[in-house]
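J.: So that we are looking at the same thing, I have put the structure below in structure tokens.
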Amino acid sequence: MQMLHIRCALPQHEQRGKMHHGYHAVESRAKPQAWCTTPSRGEEERDMTQKKAQPSRGKADATKQNLERVEQLTDLFHSLRDQERKHLSRELHDTLVSTLSATKLECDWLLRAQPASDAESQRRLSRVSGSLAEAIQFARGVIDQLWPAAVQHLGLVGAIQSRLSDLNARWGVEVWPDVQGDMEALPETHAMTLYRAVQETLRLSAKEASAARIQLTLRRSNKGVELRLELANVATRRNSPLSRLDDALMRERVLRLSGEYLLADDGQGSLHLRLFLPLPPRGARLPRAAP
Amino acid sequence: MQATVNAPARSRRVMVVDDHVASGDLLLEILSMEGYAVRVARRGRDAVATAREFKPQIALLDVGLPDMDGFALARLLKADPDPELQQIRLVALSGYAQSADTKSSKEEGFDHYLVKPVDVEQLLSLLESLS
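If you're matching them up, the sequences are chains A and B in order. Following this note's numbering, the numbering of the first sequence begins with 613 at its first residue and continues without gaps. Following this note's numbering, the numbering of the second sequence begins with 3 at its first residue and continues without gaps.
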């Protein structure tokens, strides 16, 4: 019996496997390679039964087309979601934060002009100024979650450090950042993905304040960039529907960049994130970022 | 669009570049009352034209302008052929406390950084030190 020379096969780059310690599955997905190769003329002539393979080939082609369509839709979904979030964050910044900032400046100016003898007015104006400062900080937090423009303004490391400094200043959380390698020349998509992973993981910590210690390691090698983040003694809200959605979207972002993603709690109160993004060769086409 | 108030008590000229009308106008009012000659520009390209005509010694630049970022504007001002403008002292107004520490910010030619919302006392103290 002759063998059919069908070269279409299940994609070898799909890998899903269990990690140690009972953690959630780590996933990686290499860039799709050519799924089918063309049989040589000799092979075609040798195997007359190949005609029987036509239905299977057609099925494989259809599967391939469907997968490509799913990938295109995923790209579109991410792109539109990013555009919408970017638009909202810009609107909030340009209107709400700017207005609150101007109001606080006016309030401080009034406070400065108050005579020292009018202690009651000074006390009230100070209170209003403090409330405005809190509102501005809160609005900035929301804006940063919608679209982390800080990555563009400060670079990846600056943005992460700024975020961690805020946590330290607001909640007294002990923070240990450790960065090695040049992170400034990363593609924007990679930098955004890494920052968002930090951001989303921190959000899993209830009020971001319950972590006793945050340890962050960022390493760049010839192969790619690895991010490790550990939140010690943390009360997570990982099982909330919103968190599960964020988790799924982050996983997809990483997989689209052919990376590896692992988010797990160790059962002892610590939350661990491990993310690896291979760096693309120069000139490689990356998934589109929001314009 | 520009706004201007001239106060002759001090000879220092300050240009404020902020696209948020209330913020720009308030800074104009505060600095004018402190005796500075002040002009406000809302956009980056207006700021360049204002600077060439007004020749400020100090410029307060909002980093997030609609038509160009404050870093690009800083580069333009520092690279202007007018030698007076090349001496301009640039103060960045940024929402990010970390900006002052970033290497790129220093390289863009900013001399000082103030975190928004601007603290009035801090601003006046800084301008006094530059005067």
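Virtual Cβ for every residue (Gly too), placed ideally from N, Cα, C. No experiment lies behind these values; they were computed from the predicted model shown.
(1) Using a 10 Å radius around the Cβ and a threshold of 16 neighbouring Cβ atoms, would you call proline 85(B) buried or exposed?
(2) Ignore the nearest five residues each way along the sequence and tell me which others in aspartate 20(B)'s own chain have a CB closer than 6 angstroms to its CB.
(3) Quick check on isoleucine 32(B) - is its C-beta less than 8 angstroms from some C-beta in chain E?
(4) Note down the Cα distance separating histidine 636(A) from glutamine 827(A), rounded to an integer number of angstroms.
(5) How about the stretch 764–781 of chain A and the stretch 699–719 of chain A: do they share at least three Cβ pairs that are nearer than 8 angstroms?
(6) Is the number of C-beta pairs between the stretch 700–707 of chain A and the stretch 724–738 of chain A that are closer than 8 angstroms three or more?
(7) Distance, Cα to Cα, methionine 807(A) vs methionine 862(A)?
(8) On the CB-based measure, 16 or more other CB atoms within 10 Å of its CB, does lysine 643(A) come out buried or exposed?
(9) Taking C-beta to C-beta, are valine 16(B) and leucine 129(B) nearer than 8 angstroms?
(10) To which residues does DSSP link glycine 61(B) through a beta bridge?
(11) Determine which residues of the stretch 822–837 of chain A have a Cβ less than 7 angstroms from any Cβ of chain B, and write them out in chain order.
(12) First and last residue of the alpha helix (DSSP H) that includes aspartate 48(B)?
(13) What is the DSSP secondary structure of alanine 637(A), reduced to helix, strand or coil?
(14) When DSSP labels each residue in this structure, what does alanine 844(A) get in the three-state scheme?
(15) Which stretch, first to last residue, makes up the alpha helix (DSSP H) that contains glutamine 726(A)?
(16) So which residues on chain B does alanine 604(A) lean against when the C-beta distance must stay under 7 angstroms?
(17) Measuring straight from C-alpha to C-alpha, what distance separates valine 740(A) and glutamate 718(A)?
(18) Roughly how many angstroms separate the alpha carbons of serine 701(A) and alanine 761(A), rounded to a whole number?
(19) According to the Cβ coordinates, are valine 117(B) and serine 96(B) closer than 8 angstroms?
(20) State the start and end residues of the unbroken beta strand (DSSP E) segment that holds alanine 43(B).
(21) Touching or not, the stretch 797–813 of chain A and the stretch 864–883 of chain A, by the rule of three or more beta carbon pairs under 8 angstroms?
(22) Compute the beta-carbon to beta-carbon distance between serine 93(B) and alanine 61(B), rounded to the nearest angstrom, for a pair I have assumed lies under 8 angstroms.
(23) Along chain B, which residues have their Cβ under 9 angstroms away from the Cβ of aspartate 720(A)?
(24) With DSSP run on the structure shown, which of helix, strand or coil describes glutamate 800(A)?
(25) Could you give the DSSP three-state label for aspartate 877(A): helix, strand or coil?
(26) For alanine 725(A), collect the residues of the same chain with a Cβ closer than 8 angstroms to its Cβ; drop the 5 residues on either side in sequence, then sort them by chain order.
(27) So, is proline 68(B) buried or exposed, given that buried needs 16 or more other C-beta atoms within 10 angstroms?
(28) Identify the contact partners of serine 710(A) in chain B, using a Cβ-Cβ distance below 7 angstroms as the criterion.
(29) Taking only beta-carbon atoms, is arginine 724(A) less than 8 angstroms away from chain B?
(30) Scan the stretch 738–812 of chain A and note each continuous alpha helix (DSSP H) run of 4 residues or more that stays entirely inside, going in chain order.
(31) Quick check on the burial criterion: 16 or more other C-beta atoms within 10 angstroms. Buried or exposed for valine 682(A)?
(32) Is there a Cβ from chain B that is less than 8 angstroms from the Cβ of arginine 752(A)?
(33) Out of curiosity, what's the CA-to-CA distance linking valine 785(A) and glycine 111(B)?
(34) Sort Leu843(A), His765(A), Gly670(A) by Cα distance to tryptophan 788(A) and report the nearest one.
(35) On the DSSP bridge list, what partners appear for glutamine 124(B)?
(36) Excluding five sequence neighbours on each side, which residues of the same chain lie with their C-beta closer than 7 angstroms to the C-beta of leucine 904(A)?
T.: A quick look at the data gives this:
(1) Taking the second sequence and counting its residues from 1, the one referred to as residue 85(B) is at position 83. So proline 85(B) ends up on the exposed side.
(2) Here residue 20(B) refers to the residue found at position 18 when the second sequence is read from its first residue. For aspartate 20(B), where only same-chain residues beyond five positions count, the Cβ hits under 6 angstroms are Gly26, Asp64.
(3) Chain labels in this structure do not include chain E; the protein chains are A and B.
(4) Within the first sequence, numbered from 1, the residue matching residue 636(A) stands at position 24. Within the first sequence, numbered from 1, the residue matching residue 827(A) stands at position 215. At histidine 636(A) the pLDDT is 40, less than 50, meaning the model places this residue with poor confidence; the figure from the coordinates comes in the next sentence. Each residue's Cα considered, the two are about 20 angstroms apart.
(5) no
(6) no
(7) Within the first sequence, residue 807(A) is the residue found at index 195, counting from 1. Within the first sequence, residue 862(A) is the residue found at index 250, counting from 1. Before going on, a small fix: residue 807(A) reads as tyrosine here, not methionine. In a straight line, the C-alpha of tyrosine 807(A) is about 11 angstroms away from that of methionine 862(A).
(8) As a working mapping, residue 643(A) is identified with position 31 in the first sequence. Note that lysine 643(A) scores 44 on pLDDT, short of 50, meaning its location in the model is unreliable; the coordinates nonetheless yield the value given after this. Exposed.
(9) Translated into positions along the second sequence, residue 16(B) becomes position 14. Translated into positions along the second sequence, residue 129(B) becomes position 127. Going by C-beta atoms, valine 16(B) is nearer than 8 angstroms to leucine 129(B).
(10) If you number the second sequence from 1, residue 61(B) lands on position 59. Reading off the sequence, residue 61(B) comes out as alanine, not glycine. Alanine 61(B) pairs with Met17(B), Leu92(B).
(11) none
(12) Residue numbering aside, residue 48(B) sits at position 46 when the second sequence is read from its first letter. Here the alpha helix (DSSP H) through aspartate 48(B) covers 46–56.
(13) As a working mapping, residue 637(A) is identified with position 25 in the first sequence. Caution applies to alanine 637(A), whose pLDDT of 40 falls short of 50 and renders its modelled position unreliable; the value that the coordinates give is listed next. Looking at alanine 637(A) - three-state DSSP - the assignment turns out to be coil, as it is neither helix nor strand.
(14) By one-based count along the first sequence, residue 844(A) stands at place 232. It is a strand residue.
(15) Working through the first sequence from its first residue, we reach residue 726(A) at position 114. Looking at the DSSP string, glutamine 726(A) is not in any alpha helix (DSSP H), and its letter there is neither H nor E.
(16) Within the shown structure, residues of chain A are numbered from 613 to 903, placing residue 604(A) beyond reach of any answer.
(17) What you label residue 740(A) is simply residue 128 of the first sequence in a count that begins at 1. What you label residue 718(A) is simply residue 106 of the first sequence in a count that begins at 1. Each residue's alpha carbon lies about 11 angstroms from the other.
(18) If you number the first sequence from 1, residue 701(A) lands on position 89. If you number the first sequence from 1, residue 761(A) lands on position 149. Each residue's alpha carbon lies about 9 angstroms from the other.
(19) The residue you call residue 117(B) lines up with position 115 of the second sequence. The residue you call residue 96(B) lines up with position 94 of the second sequence. For the 8 angstroms CB-CB criterion, valine 117(B) and serine 96(B) form a contact.
(20) Here residue 43(B) refers to the residue found at position 41 of the second sequence. Counting along the chain, the beta strand (DSSP E) containing alanine 43(B) begins and ends at 39–43.
(21) Touching, yes, given that three or more Cβ pairs across the two stretches are closer than 8 angstroms.
(22) To locate residue 93(B), count along the second sequence from 1; it is residue 91. To locate residue 61(B), count along the second sequence from 1; it is residue 59. It should be noted that the sequence gives valine, not serine, for residue 93(B). Rounded, the Cβ-Cβ distance is 7 angstroms, consistent with contact.
(23) The residue labelled residue 720(A) in the question sits at position 108 within the first sequence. Ordered by position in chain B, the residues that pass the 9 angstroms Cβ test against aspartate 720(A) are Pro119, Val120, Asp121, Val122, Glu123.
(24) As a first step, residue 800(A) is located in the first sequence; it is residue number 188 there, counting from the start. Glutamate 800(A): helix per DSSP, three-state reduction.
(25) As a position in the first sequence, residue 877(A) is number 265, starting the count at 1. Strand.
(26) Translated into positions along the first sequence, residue 725(A) becomes position 113. Here the set comprises nothing.
(27) Sequence index remark: in the second sequence, residue 68(B) carries index 66 (1-based). Its Cβ having fewer than 16 others within 10 Å, proline 68(B) is exposed.
(28) By one-based count along the first sequence, residue 710(A) stands at place 98. Going along chain B in sequence order, the residues near serine 710(A) (Cβ under 7 angstroms) are His22, Ser25.
(29) In the first sequence, counting from the first residue as 1, residue 724(A) sits at position 112. Judged by the 8 angstroms Cβ criterion, arginine 724(A) is in contact with chain B.
(30) 762–783
(31) Residue numbering aside, residue 682(A) sits at position 70 when the first sequence is read from its first letter. It counts as exposed.
(32) Taking the first sequence and counting its residues from 1, one reaches residue 752(A) at position 140. Using a Cβ-Cβ cut-off of 8 angstroms, arginine 752(A) counts as an interface residue toward chain B, since at least one Cβ of chain B sits closer than that to its own.
(33) Start at 1 with the first residue of the first sequence, and residue 785(A) comes out as number 173. Start at 1 with the first residue of the second sequence, and residue 111(B) comes out as number 109. Valine 785(A) and glycine 111(B): Cα-Cα distance of roughly 34 angstroms.
(34) Residue mapping note: residue 788(A) aligns to position 176 of the first sequence, counting from 1. With distances taken between Cα atoms, tryptophan 788(A) lies closest to Leu843(A).
(35) For the purposes of this step, residue 124(B) is taken as residue 122 along the second sequence, with counting starting at 1. Answer by DSSP bridge pairing: none, since glutamine 124(B) is not bridged.
(36) Not covered by the structure: residue 904(A). The range shown for chain A is 613 to 903.
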